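Worksheet: one structure, shown below.
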Amino acid sequence: MISVYDNPMPSTNEIPTALLESPSFQLERLRRRTRDEAEQALNTQETSLREYWVLTCLVDRDAASQSYLSELLAIDASDMVRLIDALEAHGWAARERDPKDRRRQIVTSTKKGRSAQAKLVALVTEAEDRALDESTSKQLKHLRKLAASIIATEED
1 MISVYDNPMP STNEIPTALL ESPSFQLERL RRRTRDEAEQ ALNTQETSLR
51 EYWVLTCLVD RDAASQSYLS ELLAIDASDM VRLIDALEAH GWAARERDPK
101 DRRRQIVTST KKGRSAQAKL VALVTEAEDR ALDESTSKQL KHLRKLAASI
151 IATEED
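For what it's worth, the UniProt record's numbering labels the leading residue of the sequence shown as 1, then goes sequentially.
Pasting the structure below:
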């Protein structure tokens, strides 16, 4: 009998065809591969992919409420608090009370945060390129276009 420990890293030709043809399985494998590379690269800067996402939104929007960021990125509100805490610890973001609604926190990127985000975007892009290095530029262009199209249907 073959033990699961005999072959810890199965090859793709061992994966059942039904899974290889399943979009959910395909997307999960792609997500894991790109996320692992990006997380490894961002770890060198003592940050995470989700912190990078939040910082990128702040740089793009100038300011946002914590609840807006949670909704936009589909991140639980309590997790968002911890992510913003981490960005503040880096000096990349600042929180202040909304003068129109004292219950809301408005989050902005700092000058240091905008500078860091510019460096982080390069790291993430390089990591994603490494994760997808066997793909042609035409395939990647098609993947990005398809992903954008699928994401756009969420608004409908």
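All C-beta atoms, glycine included, are put in the ideal place defined by N, C-alpha and C.
It should be emphasised that the depicted structure is a prediction, and the values quoted were computed from it without experimental measurement.
So residue i and residue j are supposed to be a Cβ contact under 8 Å. How far apart are they, rounded?
| i | j | result |
| --- | --- | --- |
| LEU27 | ARG50 | With a Cβ gap of about 18 Å, LEU27 and ARG50 do not count as contacting. |
| ARG144 | GLU37 | ARG144 to GLU37, Cβ: 16 Å. No contact. |
| LEU55 | SER109 | 6 Å |
| VAL124 | ALA41 | 7 Å |
What does the alpha-carbon distance come out to for the pair residue i and residue j?
| i | j | result |
| --- | --- | --- |
| HIS142 | LEU20 | 19 Å |
| GLN139 | ARG97 | 46 Å |
| GLU126 | LEU58 | 22 Å |
| THR44 | ALA86 | 15 Å |
| ILE2 | SER24 | Low confidence applies to ILE2: its pLDDT is 49, below 50, so where it sits in the model is not reliable enough to give any reading. |
| LYS111 | HIS90 | 12 Å |
| GLU155 | ILE75 | 17 Å |
| THR17 | ALA122 | 36 Å |
| THR153 | GLU14 | 34 Å |
| ALA147 | SER22 | 16 Å |
| ALA93 | SER137 | 35 Å |
| GLU39 | ASP79 | 17 Å |
| SER48 | ARG95 | 19 Å |
| PRO99 | TYR52 | 27 Å |
Find the nearest neighbour of residue i within the set the options, judged by alpha-carbon distance.
| i | options | result |
| --- | --- | --- |
| ASP101 | GLN66, ALA86, SER48 | GLN66 |
| GLY113 | GLU134, ALA77, GLU88 | GLU88 |
| ASP133 | ARG33, THR17, GLU14 | ARG33 |
| ALA77 | ASP60, ARG35, ARG104 | ARG104 |
| ARG61 | VAL107, ILE151, THR136 | VAL107 |
| ARG35 | GLU128, SER135, VAL81 | GLU128 |
Would you say residue i lies against chain D (beta-carbon separation less than 9 Å)?
| i | result |
| --- | --- |
| ASN43 | You won't find chain D in this structure, because it holds only one protein chain. |
Cβ of residue i versus every heavy atom of the ligand GDP: is any distance shorter than 8 Å?
| i | result |
| --- | --- |
| LEU19 | As presented, the structure is devoid of all ligands, the ligand GDP included, so that no description of it is given. |
Notebook entry, point to check: Would you call the segment 114-133 and the segment 64-81 touching, i.e. three or more CB-CB distances under 8 Å?
Noted result: no
Query - Runs of alpha helix (DSSP H) lying entirely within the segment 99-133, each at least 4 residues, in chain order - result: 111-131
At 3 residues or longer, what runs of the beta strand (DSSP E) sit wholly inside the segment 4-45?
none
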